[in-house]
Amino acid sequence: MTHRSFVKVENVETQVFDWGKLQWLSEPRVTGADYMTTGIVTLEPGKGHAKHNHPDCAEILFILKGVGEQTIFSDTGEQKKTVVPGELIHLKPSEYHSTFNTGTENLEILAVYQFSGPEAAMRADPGCTVLPPTA
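Numbering (the numbering used here), first residue to last: 1323 to 1457.
What follows is the structure, encoded as structure tokens:
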């Protein structure tokens, strides 16, 4: 794939899971970026990500559309919050978290990882079906 400076969702592959999909707009295979891997996460109604972390990698989530429940598990306890469009969630490196769509429409999130790697792990997941770009 050519390394691009301008990227649209239709220019990238779609990673499909039983809970929704991921479309990585900036990662080594698309933009050549080793840092700030960025993508759109779409969680279907009633679906989400169970408790997980990204070892040594910070993450930012920005809610674009829909309503969800974000839980952060830290040394000081569990923080659970309803999240809505326009809200940013900052996750420290290795911090455990979960995200669930509690609404009736898709929950769309802009996800930014501190560095590349987690997106490749998702692609390698046995539950992942990779669809090619549509444009």
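Glycine is no exception: its CB is placed at the ideal position from the N, C-alpha and C atoms.
Best match in the options for proximity to residue i [C-alpha to C-alpha]
| i | options | result |
| --- | --- | --- |
| GLY1408 | LYS1387, GLN1436, LYS1373 and TRP1341 | LYS1387 |
| LYS1369 | ASP1340, LYS1330 and PRO1377 | ASP1340 |
Nonlocal neighbours in the same chain, by C-beta distance under 6 Å from residue i, ignoring five residues either side
| i | result |
| --- | --- |
| ALA1433 | GLY1361, VAL1363 and LEU1383 |
| TYR1435 | THR1359, CYS1379 and GLU1381 |
| LEU1410 | PHE1384 |
CA-to-CA distance, residue j to residue i, given in whole angstroms
| i | j | result |
| --- | --- | --- |
| LEU1365 | VAL1405 | 13 Å |
| VAL1456 | THR1393 | It should be pointed out that residue 1456 corresponds to Thr in this sequence rather than to Val. Going from the Cα of THR1456 to the Cα of THR1393 covers about 34 Å. |
| ALA1372 | PHE1422 | 8 Å |
| GLN1401 | PHE1395 | 6 Å |
| VAL1389 | GLY1342 | 15 Å |
| VAL1331 | THR1353 | 13 Å |
| GLY1449 | GLY1425 | 24 Å |
| ASP1397 | GLU1391 | 20 Å |
| HIS1282 | ASN1333 | Summary: the structure shown does not reach residue 1282, with the chain confined to residues 1323 through 1457, and so no result is reported for it. |
| ALA1443 | SER1327 | 24 Å |
| PRO1377 | LYS1403 | 23 Å |
| HIS1412 | HIS1325 | 28 Å |
Nearest-angstrom Cβ-Cβ length linking residue i and residue j, presumed shorter than 8 Å
| i | j | result |
| --- | --- | --- |
| GLY1427 | PRO1367 | Checking the sequence shown, residue 1427 turns out to be Glu, not Gly. Going by Cβ atoms, the distance from GLU1427 to PRO1367 rounds to 7 Å, so yes, they are a contact pair. |
| GLU1417 | ASN1375 | 6 Å |
| LEU1458 | VAL1329 | This structure cannot speak to residue 1458, because the chain is shown only from 1323 to 1457. |
Spatial neighbours of residue i in its chain, beta-carbon cut-off 7 Å, leaving aside the 5 residues before and after
| i | result |
| --- | --- |
| THR1451 | VAL1338 |
| PRO1454 | GLU1335 |
| LYS1414 | ALA1380 |
| ASP1356 | PRO1350, PHE1437 and SER1438 |
| ARG1445 | GLN1337 and VAL1452 |
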